[in-house]
Structures are given as C-alpha cells and as structure tokens.
Amino acid sequence: MTEERRIIDKIDTEMARLFEQRMTAVKAIAMAKKASGAPVEDLKREKEMIAARSESIANPALRRYYGDFLRGVISVSKDYQTDLIFGEKMPCSDIIIDNGCISRAGELLGLDGGKVLVVTDTGVPSRYANTVAASIESKGAAVNICTVPQGEANKSLQSYAKILEALVEGGFTRTDSVVAVGGGVVGDMAGFAAATFMRGIRFFNIPTTLLSQVDSSIGGKTAIDFAGVKNIVGSFHFPSKVLIDPQTLSTLPLRQLHNGLAEAVKMGATGDAELFSIIEKSSDLHHDLPQIIRHCLNYKKSVVDADPREGGLRRVLNFGHTVGHAIEACSGGQYLHGEAVSLGMLYFAEGEARKRIANVLENYNLPVSHNIPAQTLLDFISHDKKASGDVIMVVKVSEIGSFAFETIAIKELPL
Ligand SMILES: NC(=O)c1ccc[n+]([C@@H]2O[C@H](COP(=O)([O-])OP(=O)(O)OC[C@H]3O[C@@H](n4cnc5c(N)ncnc54)[C@H](O)[C@@H]3O)[C@@H](O)[C@H]2O)c1
C-alpha cells in the first residue's frame, strides 16, 4: 500500500503542475471572452471535450469517472473565469424583459440541446409552461414538465423531492437544465433543486407573478421551507438567464399583483425616487408595469452585484421586513408577504416619506393598519433573532429614494 500511495502522491504533484498550466490558459481565454463579450459558458464545447477526452481512457469502466472528473475541472475553470471577468462580484443574471417573450424561450435561453425540466405549479395557467416547453423543444432539447402543487404550504421537502425524482427518472446529467415557470414559490424551489442536483446544474427562471418578476427571480437566493420555518434550507444559485414576460401578469389575480407592487414600493422608497413616483402617479398599472419592472430589476441588480451574499448593503432590501415577517407569521395566513411588508414599512418611515408611502399603499388596496398586539410581534422578533442577541439592524426611510441603517435594541422597536 505504501508503494501505491507513493505513486498517487507523485501523480498528484504532477497534476498540480499541470493544473497551474491549465489555469494559465484558462485565464488567457477569460481575457479574450471579456474583450469580445462572449459568455463564460460554452456547453457545446464542454460536451465535445468530455466525449473526446473520455475516448482516450483505455479502461471502459473508468470512462464515466473520468467524465465526472473532467466536469469538475471544467466547473473550476468556469468559476475562475467568472471571477476574472466579473471581479469579486458574483455575476447577476442576464435578464430579458419583453411582452410575449415566453414563446421565444428556446432561442432566448440558448437551450438547443440536452434535457430540460420545466417546473411549474398547479396555480400557474398551464399554457405558460406548455408554451415554454414547445419553444425549447423546437430548438432540439428534450423537455419534461414537472407540476408541483401551488402555494407556500407546498414549498416543501415533498415538492422538492418530486422535482429531484423527475430529474433522476429523466436521466438528467450535469450538462442539463432546470427552467422555472411560475411565482416565487416555484422559482425558489426549482432553483434549489437545480443548485443541489449533482452539486448544481444550470437554472433558468421565467417568473410569472409581479413579486417574482421584480424581486425573487434575480439575486440567486433559492430555498424551501422546513419544520415550519420559511426558507430555512437553501443555497445561493444564480439563474443563467431570467425571462420576464409582463403579459403573463394579465392572468394574475389583482390581490397578487398588488402584493408584488409592495416590493416595488419598497425599492422605490429606499433607492429609486423616480420608480416611486411612477407607481404613485400611475393611472394604468398594466401599462406602466414593464417600466416598473425594469426600474426594480436595475435597482435590485445594483444592490446584489455590490453584495451578492448579503454581507451588508443588500440588507437594504429588508426595509419593512423585520416587522413584516413577524406580521406575516403571526397573522395566521391573513396577509400575503407583500401585504405584511407594506405594514412593516410604515414602522420605519418618517415624516413626508411615511405619508407618501401610506398613500400609495392605500391606492393599491394594500393594508396600512392591523390589529396584532405589539407584544405578540415583539415575542416573535425576539425569538427569531435570538442568535444575534438583543439588538437588531433596521432600515429607515425619512426621504423617498434614500435610506439609513440603524441598530436598535429589540425592546425599543417602535411597535
Ligand atoms: N428568492 C428571493 O430572493 C425571494 C424574494 C422574495 C420572495 N421570495 C419567495 O417568493 C415566494 C412568494 O412568491 P409569489 O408571491 O410569486 O407567490 P407564489 O409563487 O405562491 O404565486 C402566487 C400564486 O399565483 C399563482 N400564479 C403564478 N403566476 C400566475 C399567473 N401568471 N397567473 C395566475 N396565477 C399565477 C401561483 O400558482 C400561486 O397560487 C415566497 O415563498 C417567498 O419566500 C423569494
């Protein structure tokens, strides 16, 4: 055994030398890609490379393992290229916003081969997933559709397992892809399945609720709920592309539309005064939605690019969420997420800004008052924040379009 270990050590040392050489070439290619704007990923070449190199393995039993080994090497090279091209930032998604774009999904997502799992839920009109699937199929990829039950209660281990089963039973590999067609529930869950299946496969998001179009579809957060706790199991996994078709919002119930608008109000209030006044002055929301979505995504993208893993600035997106979460959790399902955030924002807005936020919320039938006792909310927040002690960081807005972070004692929250 000592002799074999000596051989392995020698091979590993030689491989380390070759690795450095390989990464030097990878770096040169990254610079060329950066100059030409070419994408980091080149799926066709990866497939050809793995097939061709595997041929040179004489022992057929070892070919599969060599394929896996090469995929790992390619993945490391892509990470290195991504870091070189985008600096320390994680690349936020490529986003396309266009009315009717779901019917061109195959072309726009660049899915011209391999297997694709389209994940949707029972509440999303099935024609959206069917349109996406037909468009991708027309480009030569093999598509399966996996439909999970709708609703937050189904953002669960069971639905996650259903998606994983579809991937395993469909014989998916690391070069295949998952496409979410639905709201934040589908996007978060399908993204988490893509993040974890074979340690991560490509993920594309086609959000169909306003909340998911303005917020959850970018930013790379994926998760499921577990043991009664929202989003407690998850990971960061950025979608390769996001397709936003504002026309899909025509079938969304008004309450859900306004629920999503609350997140847009939040972004306008904290960082984009122009967005806030578009919402404030809108006399035809459907007409203004593409513009609103564009503003929100620009804003969220700039915040996420600056702080991909929520180390600091990204916490601005939590405006209204500290108390909002507590209201959502303590209301026994009375409020949707955006509705609870609407209530939460009012605790931390001051003066003229507070007046304008309250007015805009009322105009869109979003709640501005509730009857949950302050002590109930305080108990929830103290319990929720036990790990970080007795203080909490909150986002305050005293002028529309700007914000300030403030650390306050939980017992001094203005509830
Ligand atoms: N990842 C993130 O950064 C992030 C950010 C915010 C929220 N979220 C998550 O998003 C989820 C909420 O998302 P949501 O508000 O989109 O809820 P949702 O996904 O449950 O969708 C709401 C309802 O609308 C239906 N629906 C979806 N599209 C439709 C359409 N075009 N027409 C008609 N009905 C349609 C759905 O079936 C569902 O019943 C939560 O789980 C939350 O944790 C994630």
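Numbering-wise, this note's numbering puts 0 at position 4 of the sequence shown, and it's gapless, one number per residue. Just so it is clear, CB atoms sit at the ideal spot from N, CA and C, and this is done for glycine as well.
Where residue i falls, given that 16 or more other Cβ within 10 Å makes a residue buried
i	result
histidine 379	exposed
alanine 400	exposed
alanine 349	buried
arginine 60	exposed
isoleucine 202	buried
valine 225	exposed
leucine 332	buried
aspartate 371	In the sequence as displayed, the identity of residue 371 is glutamine instead of aspartate. Exposed: under 16 other Cβ atoms inside 10 Å.
serine 155	buried
alanine 21	exposed
valine 164	exposed
alanine 34	exposed
valine 387	exposed
valine 3	The identity of residue 3 in the sequence shown is isoleucine, whereas the question assumes valine. Flag for isoleucine 3 reads exposed.
leucine 266	In the sequence as displayed, the identity of residue 266 is threonine instead of leucine. Under this definition threonine 266 is a buried residue.
leucine 271	buried
arginine 1	exposed
leucine 58	exposed
glutamine 17	exposed
cysteine 88	Low per-residue confidence applies at cysteine 88: pLDDT is 49, beneath 50, and the placement is therefore not dependable enough to give any value.
threonine 9	exposed
Close-in-space but distant-in-sequence residues of the same chain around residue i (CB under 6 Å, 5 per side omitted)
i	result
aspartate 241	Cys97 and Ile98
methionine 263	Cys292 and Tyr295
valine 229	Ile220 and Phe222
alanine 402	The amino acid occupying residue 402 in the given sequence is glutamate; alanine does not appear at that position. Cβ within range, chain order: Val390 and Lys392.
alanine 322	Leu373, Phe376 and Ile377
alanine 176	Val115, Val182, Gly183, Ala186 and Asn201
glutamine 209	Pro203, Ile240 and Ile289
heavy atom of ligand 2 below 7 Å from residue i C-beta
i	result
glutamate 324	Annotation note on ligand 2: not contained in the displayed structure, which lists ligand 1 as its ligands.
Contacts around residue i, its chain only, beta-carbon distance under 8 Å, and the 5 residues preceding and following it disregarded
i	result
lysine 85	Here lysine 85 scores only 41 on pLDDT, less than 50, and its place in the model should not be relied on; the value that follows carries that caveat. Taken in chain order, the residues that qualify are Asp301, Ala302 and Pro304.
aspartate 184	Lys151, Ser212, Lys217, Thr218, Ala219, Ile220, Asn227 and Gly230
isoleucine 92	Leu104, Lys237, Val238, Leu239 and Ile240
arginine 49	Tyr62 and Leu66
methionine 45	Leu66 and Ile70
leucine 245	Thr204, Thr205, Leu206, Gln209, Leu253, His282 and Leu285
valine 144	Val115, Thr116, Asp117, Thr118, Asn150, Ser155, Lys158, Ile159, Val182 and Met185
Same chain only: Cβ atoms within 7 Å of residue i, ignoring 5 sequence neighbours per side
i	result
threonine 171	Leu39, Glu42, Lys43 and Gly110
alanine 162	Leu113, Asn140 and Cys142
leucine 107	Ile132, Lys135, Ala137 and Ser173
glutamate 324	Tyr331, His333 and Ala336
Enumerate, from N- to C-terminal direction, the unbroken alpha helix (DSSP H) stretches of 4 or more residues contained entirely within the segment 23 to 92. Those alpha helix (DSSP H) runs which fall completely within the segment 23 to 92 and span 4+ residues are 39 to 51 and 56 to 82.
Using 8 Å as the threshold, is the segment 272 to 291 in touch with the segment 130 to 149, meaning 3 or more CB pairs across them? No, the segment 272 to 291 is not in contact with the segment 130 to 149.
For the segment 244 to 271, list the alpha helix (DSSP H) runs that are entirely contained and at least 4 residues long, ordered along the chain. Within the segment 244 to 271, the complete alpha helix (DSSP H) runs of at least 4 residues are 250 to 267.
Does the segment 61 to 76 touch the segment 4 to 13, meaning 3 or more C-beta pairs lie closer than 8 Å? As far as the Cβ criterion goes, the segment 4 to 13 does not touch the segment 61 to 76, which means the pair count is below three.
Uninterrupted beta strand (DSSP E) stretches inside the segment 98 to 126 (no shorter than 3 residues): For the segment 98 to 126, whole beta strand (DSSP E) runs of length 3 or above, ordered along the chain, are 111 to 117.
Tell me, please, whether the segment 123 to 130 touches the segment 306 to 318 by the rule of three or more beta-carbon pairs shorter than 8 Å. Taking 8 Å as the limit for Cβ pairs, the verdict is that the segment 306 to 318 does not touch the segment 123 to 130.
Three or more beta-carbon pairs under 8 Å between the segment 191 to 199 and the segment 135 to 150, yes or no? With contact defined as three or more Cβ pairs closer than 8 Å, the segment 191 to 199 and the segment 135 to 150 are not in contact.
Below 8 Å, can you find three or more Cβ-Cβ pairs linking the segment 328 to 342 to the segment 241 to 260? Result yes; three or more Cβ-Cβ pairs closer than 8 Å.
Can you find at least 3 beta carbon pairs, one from the segment 173 to 188 and one from the segment 361 to 375, that sit closer than 8 Å? Taking 8 Å as the limit for Cβ pairs, the verdict is that the segment 361 to 375 does not touch the segment 173 to 188.
Please specify which runs of the beta strand (DSSP E), each continuous and at least 3 residues long, are wholly inside the segment 348 to 404, giving them in chain order. Positions of the beta strand (DSSP E) runs, each at least 3 residues long and wholly inside the segment 348 to 404, are given as 387 to 392 in order along the chain.
In chain order, which beta strand (DSSP E) runs of at least 3 residues are fully inside the segment 266 to 300? The qualifying runs do not exist here; there are none.
Suppose only complete runs of 3+ residues qualify. What are the beta strand (DSSP E) ranges in the segment 137 to 171, listed by chain order? Listed in chain order, they are 138 to 144.
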